[in-house]
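Let me begin by presenting the structure, written as structure tokens, before commenting on it.
Number of protein chains: 2
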Amino acid sequence: MTEPRETDTDAPEADFQLSRQDIDAINKAVDDGDGPALDAALEPMHAADIADLIEQLTPARRREFLHLYSGEIDGEILSEIDESIRDEVIEQLPHEVVAEAVREMDSDDVVDLIEDMGAPEQQAILAALDESDRAAVERSLTWPEYSAGRLMQSEVVTAPEHWSVGETIDFLRAEEWLPDQFYHVVLVDPRRHPTGYVTLGKLLASRRHVLLGDIREDSFRTISARQDEGDVAHAFNKYHLISAPVVDDDDRLVGVITIDDAMSVLDEEHEEDILRLAGVGEDSAISDTVVETMRQRVPWLAVNILTALVSASVIAFFEDAIARLVALAVLMPIVASMGGNAATQTLTVAVRGLATKSLTRTNALRIVRRELAVGLGNGLLFGLALAGVTYVWFRDPKLSLVIAMAMVVNLFVAALGGILIPLGLEKAGADPALASGTFVTTVTDVVGFFTFLGLAAVILL
Amino acid sequence: MTEPRETDTDAPEADFQLSRQDIDAINKAVDDGDGPALDAALEPMHAADIADLIEQLTPARRREFLHLYSGEIDGEILSEIDESIRDEVIEQLPHEVVAEAVREMDSDDVVDLIEDMGAPEQQAILAALDESDRAAVERSLTWPEYSAGRLMQSEVVTAPEHWSVGETIDFLRAEEWLPDQFYHVVLVDPRRHPTGYVTLGKLLASRRHVLLGDIREDSFRTISARQDEGDVAHAFNKYHLISAPVVDDDDRLVGVITIDDAMSVLDEEHEEDILRLAGVGEDSAISDTVVETMRQRVPWLAVNILTALVSASVIAFFEDAIARLVALAVLMPIVASMGGNAATQTLTVAVRGLATKSLTRTNALRIVRRELAVGLGNGLLFGLALAGVTYVWFRDPKLSLVIAMAMVVNLFVAALGGILIPLGLEKAGADPALASGTFVTTVTDVVGFFTFLGLAAVILL
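Sequence order for the protein chains is A and B. For the first sequence, the numbering used here assigns the number 1 to the initial residue and increments by one for each residue that follows. For the second sequence, the numbering used here assigns the number 462 to the initial residue and increments by one for each residue that follows.
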């Protein structure tokens, strides 16, 4: 969580993008090596916008930019920069700039910054922190990757529940180290177990003599530090949480997660799902170079060429049939393509249902039945339509019959694969989104070619 | 924004799902028509969980459930129920239950509930509200659909900036109508133009004589009521906003949007993108029946069968070539399938880049160049690999040459279509995610079949 910088309050771009003029001014300042002009152009900008700009520059211009602007790079900008180029940026900055930036950051942002670094780089950054911050970061790093313990910040405002509103306000006024932003006071017992919370709104609206225990929220939810961050984000979204206390294995308060961090995680999880479904490496970023991009995508294309070769060998098995009736070669991709599209539809709905936890034990059987019924219905519908087209085109009623039958079988199999493969992966503890289109469409390609050509061989020839 | 109900604080299910026992107990109570048992089973559950449960029941059991439980359905549960079944649920509830539920809801939730209803249903619900709430809802409905004006709640806590902390706290203590949750006091001038805001944390931590103007946040961002809700959600995520004041065309404060609503919108926008890319209607829901599901999917499959017929006619054009060399029929789906996969990769990255505003004017040209280079690189790589396989399989060096050339052309065209089609749609003001796989893979199918068979006809025959 970071505090926004001073921003131009008059005219934020309607679509939150930089204007053409801004970009030209910045590019010119960088190319001219004109530090003061660059500072002037960036002065009104929010840290998040400066970070976006840095991501969008070409690598060569980025180096030049960092050289000119390094004095102004602070903790906010650094924590906004995408992971894909953050290491590169840090390497190009003077050590003092990084050290100063890190000292300004909340513990959760420091953890996010260093968790993927090697031990020597981690140590260099930890050394810049004062002792209590360093201890907080090190404690956070003991929790598993992608856990609530990594996502939380250690700075929490707590009070015993027997305190009055007046005592709490006096305590807050006297306290030096309050976090930049906080939304609740967490009530704790003497052993630091959280027992409830009071919103700041209630605290402000209540008279000084009222006890915290009397204005606590009815509902209260703690999060285990071991909980997966994706589940945490889902809980924030579902239960409209604003912040939630994080507890260790002994139920003791160790930190707090705020909704803005949960929102970022939700955003990243969606991003991963959509990229995985499309067979793009989930770490791919807009700043990637050609080589990095190829490294992300080649593995999926390699899988696809292998599965396409399997389909090709199915076709090869029916070479004689095709040689005798070339119309088969003309029509076979239609059956396969419809199967691929129908499977992608079912697959996407299943993967999303699992990700949003709307596809659950309660309704899984019903959804499987629904998808199979839809597969059969679409198969009959499009099988009939294609039989009609085929008859008009080739005037061969048997060929029409074959293609209709193949369509029904393939769309039914598409539904079966589209729903059962992700459900099976989820049950096996794997990410259902890994069942990218590639795997499922292999099934529909193979089944499509095999049923169509096989039925043709039996019925027509 | 809703206040969570009392919840079981001891053991929230680790994965935020209902246990098998809970489900069985609830199903049994519904089947037995046992109202008290149902109340007891649901008593510890959060409104959001009860809403999920209602969504996941079969339509028949849902009717039974609502009959037994209608007395307990309140505003929180009603606003958590997915739009896809909300109308159905409302129809089955007694009018007094709905009226009572609506009276409890914040204005933004009422707007969300009624905005898609017909005029008579809207009037019936508005009539249940008291005059000031009804006026707030009606004002909100004058803003365009999917705008900030529809998303905001009208209840805002404001103060003049010349007030002191003490005056503000006294005002809050005296005020009766404070919103359930609020995070900022918005500073307004005498004409109700927002001029800044103070966080509740700062208010609590400052002495009574301090002026609000002196503890306002540096950065301040207002949102136009006409702004698209997707852009609003993006701004919340990017700038780590917790709440933001909404202004009308005269820059006057009309409401406030809080991050939990922005988070829901972000979630929905992702959902829409992923469903559109897969060619599934964006309104599809897990509770849809077979007929509703088919209605969502048939149009996309219909588009696909038409485009597949175009590909088929390309193949038909080369019937003679295939009749003379059946190997062509065996190999042609590989070239097409690789093109389809590569295009989906590029397309997904482009659509995501546009949605997250990381693909912008600044870097569009560079990304187009990168994608084309990747397309060419992958074309050469997989073209060579496939030429090798083809040689081993068919022992025909010319056929190997033909397939390698076709692969290079098709993967280059896949990259071109995958990046330029979404960029063009965005420029034309359309949703780039509408360039679903279906359209782009048509291009790669047609180009793949045409190049491969065309080159074969020229070089081999």
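Where a beta carbon is used, it is the ideal one built from N, C-alpha and C, also for glycine. Just so you know, these numbers come straight off a predicted model, no measurement behind them.
C-beta contact flag for residue i and residue j at 9 Å
i               : j               : result
L860 of chain B : L815 of chain B : no
M793 of chain B : L872 of chain B : no
I487 of chain B : A502 of chain B : yes
H556 of chain B : A585 of chain B : yes
L702 of chain B : A723 of chain B : yes
A136 of chain A : V232 of chain A : no
D543 of chain B : A746 of chain B : yes
I334 of chain A : I766 of chain B : yes
A414 of chain A : A343 of chain A : yes
V97 of chain A  : I114 of chain A : no
E80 of chain A  : A48 of chain A  : yes
L714 of chain B : R634 of chain B : no
R86 of chain A  : D133 of chain A : no
R370 of chain A : T750 of chain B : yes
R297 of chain A : N839 of chain B : yes
T438 of chain A : T307 of chain A : yes
S287 of chain A : Q56 of chain A  : yes
D567 of chain B : E636 of chain B : no
M613 of chain B : S601 of chain B : yes
L808 of chain B : V349 of chain A : no
T754 of chain B : V374 of chain A : yes
Contact list for residue i against chain A, beta-carbon separation under 8 Å
i               : result
W761 of chain B : N341 and Q345
G814 of chain B : I286
R634 of chain B : L204, A205, S206 and R207
Close beta carbons around residue i, own chain, < 6 Å, minus the five adjacent residues each side
i               : result
G166 of chain A : R208
P432 of chain A : V351, L354, P422, L425 and E426
V904 of chain B : G878
G909 of chain B : V796, A797, G800 and N871
A472 of chain B : Note that A472 of chain B scores 38 on pLDDT, short of 50, meaning its location in the model is unreliable and no value can be drawn from it.
P245 of chain A : V186, P194, T222, L253 and V256
L372 of chain A : A415
Supposed contact pair residue j and residue i - C-beta distance, whole angstroms, cut 8 Å
i               : j               : result
Y197 of chain A : V185 of chain A : 7 Å
S504 of chain A : V256 of chain A : With chain A covering 1 to 461 only, the question about residue 504 of chain A has no answer from this structure.
E743 of chain B : Y607 of chain B : Contact doesn't hold; Cβ gap of about 12 Å is too wide.
L461 of chain A : R324 of chain A : 6 Å
I776 of chain B : A329 of chain A : 6 Å
W761 of chain B : N363 of chain A : 24 Å between Cβ atoms; not a contact.
Close beta carbons around residue i, own chain, < 8 Å, minus the five adjacent residues each side
i               : result
L916 of chain B : V863, M866 and A867
I920 of chain B : K859, L862 and V863
T9 of chain A   : Per-residue confidence for T9 of chain A stands at a pLDDT of 37, beneath the threshold of 50, marking its modelled position as unreliable; the derived number appears in the next sentence. Excluding sequence neighbours, T9 of chain A sits near nothing in its chain.
V247 of chain A : H193, P194, T222, I223, S224, A225, L253 and V254
Buried or exposed (CB count within 10 angstroms, at least 16 for buried), residue i
i               : result
R395 of chain A : exposed
R361 of chain A : exposed
G532 of chain B : exposed
W604 of chain B : buried
W177 of chain A : exposed
G201 of chain A : buried
L204 of chain A : buried
E592 of chain B : exposed
A327 of chain A : buried
K933 of chain B : Nothing in the structure corresponds to residue 933 of chain B, since chain B is present only between 462 and 922.
E537 of chain B : buried
Chain-ordered chain B contacts of residue i [CB-CB under 9 Å]
i               : result
P333 of chain A : A769, S772, A773, I776, M793, P794, A797, D906 and F910
E271 of chain A : H731, R813 and T817
Within chain A, partners of residue i - CB distance below 7 Å
i               : result
L881 of chain B : Under the 7 Å cutoff, chain A gives no residues; its nearest Cβ is about 16 Å from L881 of chain B.
L574 of chain B : What L574 of chain B touches in chain A: nothing, since even the nearest Cβ is about 16 Å away.
T660 of chain B : Q181
Residue i CB to nearest heavy atom of the ligand NAD below 8 Å
i               : result
T444 of chain A : Ligands displayed in this structure: none; no statement on the ligand NAD is therefore possible.
Chain-ordered chain A contacts of residue i [CB-CB under 9 Å]
i               : result
M506 of chain B : Those do not exist, as M506 of chain B stays about 11 Å from chain A at its closest Cβ, beyond 9 Å.
Own chain partners of residue i with C-beta closer than 7 Å, once the 5 adjacent residues on each side are dropped
i               : result
T195 of chain A : E161, L187, V188 and D189
A457 of chain A : F318 and A321
V491 of chain B : L499, R522, E525, F526 and L529
Partners in chain B for residue i, counting only beta-carbon separations shorter than 8 Å
i               : result
H193 of chain A : Chain B residues near H193 of chain A: none, gap ~11 Å exceeds 8 Å.
V374 of chain A : V751, T754, M755 and R758
Interface partners of residue i on chain B, CB under 7 Å
i               : result
H209 of chain A : The contacting residues do not exist; H209 of chain A stays about 12 Å from chain B at best.
V349 of chain A : V741 and S745
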